[in-house]
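S.K.: Just passing along the structure, written as structure tokens.
Protein chains: 2
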Amino acid sequence: MSSEPRVVFIGNKPIMNYVLTIIRSFSSPDVKEVVLKARGRSITTAVDVAEVTKRQFMKQLDVKDIVIGTEEIKLEGGGTRAVSTIEITLKKEDS
Amino acid sequence: MSSEPRVVFIGNKPIMNYVLTIIRSFSSPDVKEVVLKARGRSITTAVDVAEVTKRQFMKQLDVKDIVIGTEEIKLEGGGTRAVSTIEITLKKEDS
Chain A
0 MSSEPRVVFI
10 GNKPIMNYVL
20 TIIRSFSSPD
30 VKEVVLKARG
40 RSITTAVDVA
50 EVTKRQFMKQ
60 LDVKDIVIGT
70 EEIKLEGGGT
80 RAVSTIEITL
90 KKEDS
Chain B
0 MSSEPRVVFI
10 GNKPIMNYVL
20 TIIRSFSSPD
30 VKEVVLKARG
40 RSITTAVDVA
50 EVTKRQFMKQ
60 LDVKDIVIGT
70 EEIKLEGGGT
80 RAVSTIEITL
90 KKEDS
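These protein sequence lines map, in sequence, to chains A and B. At position 73 of the first sequence (counting the first as 1) the number is 72 in numbering that gives the first Met the number 0, and the numbers step up by one without a gap. At position 87 of the second sequence (counting the first as 1) the number is 86 in numbering that gives the first Met the number 0, and the numbers step up by one without a gap.
As structure tokens, this is what we get:
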């Protein structure tokens, strides 16, 4: 059993869906970190999810790292479009 | 002359407006850092602004720090609503 970080991709679902997924991941004793990944308009949702999880459900969580970036998306008609991305790493403090 | 970080509040304007503001701030020799602040739906715009400024205009910029948080907004009818916030600190590398 490793303590690999789990990854949760944030999209258009309600915030609480993602919050529940994160809480469920951390309930596994080998999971110490969960990484939220989002791009484009879902970046705001990712921040909301991190904040709600930490403030309302798991006060022992820390935001360990936040990385922003850019991805090239291939368009159907050819060409590419740049879209911003975010990765938020949540870490469970040892209690 | 101090090297206080300048603060740029990100809202609903086009991305390039903010990019130009940041480039103008960094053109002052005493400015080494600029902080982008946004909340709610503008969080995605703040990430876009940081990425476009860094990738297309000022490759010597580093994302020094990213902090997320929650603010309580007072509603007109009474009560409060929580809104997520982000602060992105851009730093100019000495060249």
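Beta carbons: idealized from backbone N, C-alpha and C, even for Gly. All figures in this text were calculated on a predicted structure; none of them were measured in a lab.
Quick one: grab the DSSP three-state call for Val30 of chain A.
M.R.: Coil at Val30 of chain A, not helix or strand.
S.K.: Would you report the Cα separation of Glu32 of chain B and Ile85 of chain B, rounded to the nearest angstrom?
M.R.: Cα-Cα distance, rounded: 16 Å.
S.K.: Which partner residues of Asp61 of chain A appear in the DSSP bridge assignment?
M.R.: DSSP lists A:Lys90 as partners of Asp61 of chain A.
S.K.: One question on the structure: do Val46 of chain B and Ile42 of chain A come within less than 8 Å of each other, judged by their Cβ atoms?
M.R.: It is a contact, given that the beta carbons lie within the stated cut-off.
S.K.: List the residues of chain A whose Cβ lies closer than 8 Å to the Cβ of Glu50 of chain B, in chain order.
M.R.: Those are Ile67, Gly68, Thr69, Ala81 and Ser83, listed as they occur along chain A.
S.K.: Near Val34 of chain A, what residues of its chain come up, given a Cβ to Cβ distance below 8 Å and the 5 sequence neighbours on each side ignored?
M.R.: Contacts found: Pro4, Arg5, Val6, Val7, Glu86, Ile87, Thr88 and Leu89.
S.K.: Taking Cβ positions only, does Asp47 of chain B come closer than 8 Å to chain A?
M.R.: It does: the Cβ of Asp47 of chain B has a partner Cβ on chain A nearer than 8 Å.
S.K.: At which residues does the alpha helix (DSSP H) containing Arg23 of chain A begin and terminate?
M.R.: Where Arg23 of chain A is concerned, the enclosing alpha helix (DSSP H) stretches over Ile14 to Phe25.
S.K.: Please report the distance separating the alpha-carbon of Ser27 of chain B from that of Lys91 of chain B.
M.R.: Approximately 11 Å, taken between the alpha carbons.
S.K.: Residues of chain B with CB under 8 Å from Gly39 of chain A, in chain order?
M.R.: Within 8 Å Cβ-Cβ: Thr43.
S.K.: For Met0 of chain B and chain A, any beta-carbon pair shorter than 8 Å?
M.R.: Caution is warranted here: a pLDDT of 49 is assigned to Met0 of chain B, below 50, making its placement in the model unreliable, and the coordinate value is therefore given only provisionally. Chain A, which has no Cβ nearer than 8 Å to the Cβ of Met0 of chain B, makes this no.
S.K.: By the criterion of Cβ-Cβ separation under 7 Å, what are the contact partners of Val62 of chain A in chain B?
M.R.: The contacting residues are Ile67.
S.K.: Does the Cβ-Cβ distance between Thr69 of chain B and Ile21 of chain B come in under 8 Å?
M.R.: Not closer than 8 Å, so no.
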